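These notes concern the structure reproduced below.
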Amino acid sequence: MPFIHHLHDIIAQYGYFAVFFLVAFESSGIPLPGETALVTAAVFAATGSLNIVLVILCAAAAAIVGDNAGYWIGREFGFPLVYRYGRYIHIDEGSLKVAQLLFRRHGGKIVFFGRFVAVLRAFAAFLAGVNHLPWPRFLVFNALGGIVWATLFGTGGYVLGHAFEHYARPVGLAALAAAIVGAVLASRFIAHHESLLRAEAEAAFPGPLVAPKEP
11 MPFIHHLHDI
21 IAQYGYFAVF
31 FLVAFESSGI
41 PLPGETALVT
51 AAVFAATGSL
61 NIVLVILCAA
71 AAAIVGDNAG
81 YWIGREFGFP
91 LVYRYGRYIH
101 IDEGSLKVAQ
111 LLFRRHGGKI
121 VFFGRFVAVL
131 RAFAAFLAGV
141 NHLPWPRFLV
151 FNALGGIVWA
161 TLFGTGGYVL
171 GHAFEHYARP
181 VGLAALAAAI
191 VGAVLASRFI
201 AHHESLLRAE
211 AEAAFPGPLV
221 APKEP
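Using the working numbering, the letters of the sequence shown correspond one by one to residues 11 to 225.
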């Protein structure tokens, strides 16, 4: 693919800086190939062009920095935007209260595991900020997720070297399939329990919806 070849050129020319900025921008909510950049840099490291430890450290640091940027953007500006324009994507006041309830109960898990799901990776931190997940708690799960993610994908690319591209496609397809199945099951669960969740959310956040606050 021409794009992949272009990414190879970017990594070859800018090395660690490219890894850091691509991962950081993706983590902050900008749709860039941060994970692909990490794997590509790890493959370069397998040939001796880069140091794998520095590649992993750059990716982990970038994930933490980018996620924190997304978190604070969501915390400061996200709620008014979602509250005002959410109706255009079928997000009503009840849905926002349910989101607040879920983040209050499972916010740390969402932040950690969101790092490993392509769709969530760019938005989990923003949503955590929108729902005012306490920053110390966010930072702990964010740092753990970033370090584990960078280590797993960096080591995978380094150990498999160029063979990683052979394995990456089926692994990526399997991960995508798992994510789709998980999303379908989650949507069915939420749909089945929607009335209960909405009732619990209304009890937890009675009255008109206001911007979330830290519990």
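Note that the Cβ used here is the ideal one computed from N, Cα and C, for glycine as well.
Given the structure is predicted, the values throughout are model-derived calculations rather than measurements.
With contact counted as at least three CB pairs below 8 Å, one residue from each stretch, are the region 134-154 and the region 163-172 in contact?
Flag = no, the region 134-154 and the region 163-172 do not touch.
What distance in whole Å lies between the Cβ atoms of residue 135 and residue 36, which are believed to be in contact at a cut-off of 8 Å?
The pair is not a contact, with the Cβ atoms about 11 Å apart (cut-off 8 Å).
Just verifying my parser: in three-state terms, what is the DSSP assignment at residue 59?
Correct three-state label for residue 59: coil.
With distances taken Cα to Cα, identify the nearest neighbour of residue 148 among 84, 78 and 89.
Cα-wise, what sits closest to residue 148 is 78.
Determine the contact status of residue 25 and residue 60, defining contact as a CB-CB distance below 8 Å.
Contact flag set, yes.
Which runs of the alpha helix (DSSP H) at least 4 residues long sit entirely within the region 26-57? Give them in chain order.
Segments of the alpha helix (DSSP H) lying fully in the region 26-57: 44-56.
Quick check on this structure: which residue in 137, 123, 20 and 113 has the alpha carbon closest to the alpha carbon of residue 86?
Residue 86 has its Cα closest to that of 137, out of 137, 123, 20 and 113.
Going by DSSP in three states, residue 135 sits in which element: helix, strand or coil?
Of the three classes helix, strand and coil, the one that applies to residue 135 here is helix, per DSSP.
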